[in-house]
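Numbering (the UniProt record's numbering), first residue to last: 1 to 131.
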């Protein structure tokens, strides 16, 4: 799996949740079950190479020191367990998916520029991460 990955299951994006649709690593930096249930459980994700993965569970980190220092941001983390679906999302399909989701959002300078960047992107990774 090549990070970042993007949620391709959510049909309508919410502007306030935009940062939740992209994962830059395999961790959730909270122990709240509600976050996993809302943003990850049973959702499909496309990685930087176009491969599809499904979030099937989570694994708590077992280091005792994390529990003691959980009040410090990014110390507490839960590993997302992904299953390889052995499917690929073609680049044009991902581009269309992203453009549709961005078009559903409130249009402003950010979303207009995002559309331009998505249209210019040449790889899955560029579509997801704009790099």
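The C-beta atom is built at its ideal place from N, Cα and C for all residues, glycine as well.
* Asked: In whole angstroms, what is the alpha-carbon distance linking residue 96 and residue 54?
  -> 20 angstroms
* **Neighbourhood of residue 98 by C-beta distance below 7 angstroms, restricted to the same chain and skipping five residues each side** => 118, 127
* Asked: Excluding sequence positions up to five away, which residues of its chain have a Cβ less than 6 angstroms from the Cβ of residue 56?
  -> 81, 83
* Asked: What are the start and end residues of the beta strand (DSSP E) that includes residue 82?
  -> Residue 82: member of the beta strand (DSSP E) spanning 78–88, first to last residue.
* Do residue 2 and residue 48 have their CB atoms nearer than 8 angstroms? -> Taking 8 angstroms as the Cβ cut-off, residue 2 and residue 48 qualify as a contacting pair.
* To do: Using a threshold of 8 angstroms, state whether the C-beta atoms of residue 21 and residue 7 are closer than that.
  => yes
* Continuous beta strand (DSSP E) stretch holding residue 56: start and end -> 51–60
* Mark residue 89 as exposed unless 16 or more other C-beta atoms lie within 10 angstroms of its C-beta, in which case mark it buried. => With 16 or more Cβ atoms within 10 Å of its Cβ, residue 89 is classed as buried.
* Asked: Which class does residue 109 belong to by DSSP, given the choice of helix, strand or coil?
  -> helix
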